[in-house]
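S.K.: To convert, take the position in the sequence shown, counting from 1, and add 1401; that gives the numbering used here. Glycine is no exception: its CB is placed at the ideal position from the N, C-alpha and C atoms. Predicted model only: the values in this text are computed from it and were never measured.
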Amino acid sequence: MKYSGAFEVVRADRAGVEVRNQMAEIFADGFSQWLTYFSKDRDVIAKAFAHMFVLDQFYVALDGDRVAAFGACTDCQSFSLELRSAPLRRHLGWFKGSMAALILKREFQKPFVAPPAETGSIEFICSALSFRGQGAASAVITHMLVHLPYRNYLIEEVADTNVPAIRLYEKLGFTEYKRKSLSPRQARISGINHMVSLCLEKA
C-alpha cells in the first residue's frame, strides 16, 4: 500500500506531464452517476468535460506520470471550472451539450455571496479508482492546507452518502457547519438526503 508521502503533489499547470485527460477520466469515474442524463458512456463524459479544468486552480497527486488524485482550491471568488458550449455540444450532441452548458454552469460556476475573507474553497476532490484508499486525496488536501495562505477553508455540499469523503475531511480537521436537505423527490431519485458543508480554521 502507498501512503501520502509516496505522492508528489504539484499545481496541475506545473505538473510537467499531461494531466488534463487523466483528470477528465478520474472525474468521469467519480461523477458519471450525476451525469447519466447527458451520456451513460464514461469515455464520452471524460472527453466532453476535459476542457473545463482551470489548471492553475488545481493540484494533482502524482505517482510517476500518473495522476492519482486531484482537487482544487479557490479564493471563493475565482472558478475552478469553466464550461464551454462548443466542446460539450461536440461530444454530447447539440441539445444535450447545450443543456449541460446551461444547467451545469449554474451548478459548477456558482459564485459565493459575500465571500469570507482569507478563506479558501476546496473543491472537486477525486481519486483515481486504482489509487483509492492509498492516501492520494489526503495528500492533495494536506498539501493545500500547508502551502496555501488561507486562514479558513470550506468544503461545500458533500453528499451525506459519501461517507468515506466525509470521514477523510473530518480526519484532516474539518467539522460540519451546515446541512442542506434535498426535496423528497430529489432524495428519492438520488438516494441522498442531505448535502453537508464543512469548515476548518487553521490555528
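1. Applying the criterion that 16 or more other CB atoms from any shown protein chain within 10 Å of the CB defines a buried residue, is Thr1562 buried or exposed?
2. Go ahead and pull the three-state DSSP assignment for Ile1593.
3. Which ranges does the alpha helix (DSSP H) cover as unbroken runs of at least 4 residues, wholly within the region 1466-1510, from first to last along the chain?
4. Return the first residue and the last residue of the alpha helix (DSSP H) that Lys1448 is part of.
5. Where does Lys1572 land, buried or exposed, given buried means 16+ other C-beta within 10 angstroms?
6. Taking only the alpha-carbon atoms, compute the straight-line gap between Trp1501 and Leu1489 and give it to the nearest angstrom.
7. Taking all protein chains shown into account, do 16 or more other C-beta atoms lie within 10 angstroms of the C-beta of Tyr1438, making it buried, or fewer, making it exposed?
8. To which residues of the same chain is Phe1459 closer than 6 Å at the C-beta, ignoring the five residues directly before and after it?
9. Could you tell me which residues DSSP pairs with Asp1464 in its beta bridges?
10. Using a Cβ-Cβ cutoff of less than 6 Å, which residues in the same chain neighbour Met1596 once the five nearest sequence positions on both sides are dropped?
11. Do Ala1560 and Leu1493 have their CB atoms nearer than 9 Å?
12. Going by alpha carbons, who is nearest to Ile1593 out of Trp1435, Gly1417, Ala1425, Ala1407?
13. With burial defined as no fewer than 16 other Cβ atoms inside 10 Å of the residue's Cβ, what is the status of Ala1469: buried or exposed?
14. What residue range is occupied by the uninterrupted beta strand (DSSP E) comprising Arg1344?
15. With a threshold of 6 Å on Cβ separation, who are the neighbours of Cys1600 within its own chain once the five nearest residues in sequence on each side are excluded?
16. What separation, rounded to the nearest whole angstrom, lies between the Cα atoms of Gly1498 and Ile1427?
17. Taking Arg1568 as the reference, which of Val1420, Ser1539, Glu1524, Arg1467 has the closest Cα?
M.R.: Based on what the coordinates show:
1. In the sequence shown, counting from the first residue as 1, residue 1562 sits at position 161. Burial call: exposed.
2. As a working note, residue 1593 is residue 192 in the sequence shown. Looking at Ile1593 - three-state DSSP - the assignment turns out to be coil, as it is neither helix nor strand.
3. 1486-1493, 1495-1509
4. Residue 1448 sits at position 47 when you count from the first residue of the sequence shown. 1443-1450 is the span of the alpha helix (DSSP H), which, as asked, contains Lys1448.
5. For the purposes of this step, residue 1572 is taken as the residue at position 171 of the sequence shown. The residue in question, Lys1572, is exposed, as its Cβ has fewer than 16 Cβ neighbours within 10 Å.
6. Locating residue 1501 in the sequence shown gives position 100, counting from the first residue. Locating residue 1489 in the sequence shown gives position 88, counting from the first residue. One point to set straight first is that residue 1501 is Ala, not Trp, in the sequence displayed. Between the alpha carbons of Ala1501 and Leu1489 lies a gap of roughly 7 Å.
7. One-based indexing of the sequence shown puts residue 1438 at position 37. Tyr1438 is exposed by the Cβ-count criterion.
8. Position 58 of the sequence shown, counted from the start, is the residue given in the question as residue 1459. Correct list, in chain order: Ala1413, Phe1471, Ala1473.
9. Here residue 1464 corresponds to residue number 63 of the sequence shown, with the count starting at 1. DSSP lists Arg1467 as partners of Asp1464.
10. Start at 1 with the first residue of the sequence shown, and residue 1596 comes out as number 195. Within the same chain, Met1596 has close Cβ partners Glu1558, Lys1581.
11. As a first step, residue 1560 is located in the sequence shown; it is residue number 159 there, counting from the start. As a first step, residue 1493 is located in the sequence shown; it is residue number 92 there, counting from the start. No, the pair does not count as a contact, with Cβ atoms beyond the cut-off.
12. Translated into the one-based positions of the sequence shown, residue 1593 becomes position 192. Among Trp1435, Gly1417, Ala1425, Ala1407, the Cα nearest to that of Ile1593 belongs to Trp1435.
13. Translated into the one-based positions of the sequence shown, residue 1469 becomes position 68. When all chains shown are included, Ala1469 counts as buried.
14. Given a span of 1402 to 1604 for the chain in the structure shown, any question on residue 1344 remains unanswerable.
15. Against the sequence shown, residue 1600 aligns to sequence position 199. Counting only Cβ-Cβ distances below 6 Å, and skipping sequence neighbours, we find Leu1555, Tyr1578.
16. Looking up residue 1498 in the sequence shown gives position 97. Looking up residue 1427 in the sequence shown gives position 26. As the crow flies, the alpha-carbon of Gly1498 is around 20 Å from that of Ile1427.
17. Looking up residue 1568 in the sequence shown gives position 167. It is Ser1539.
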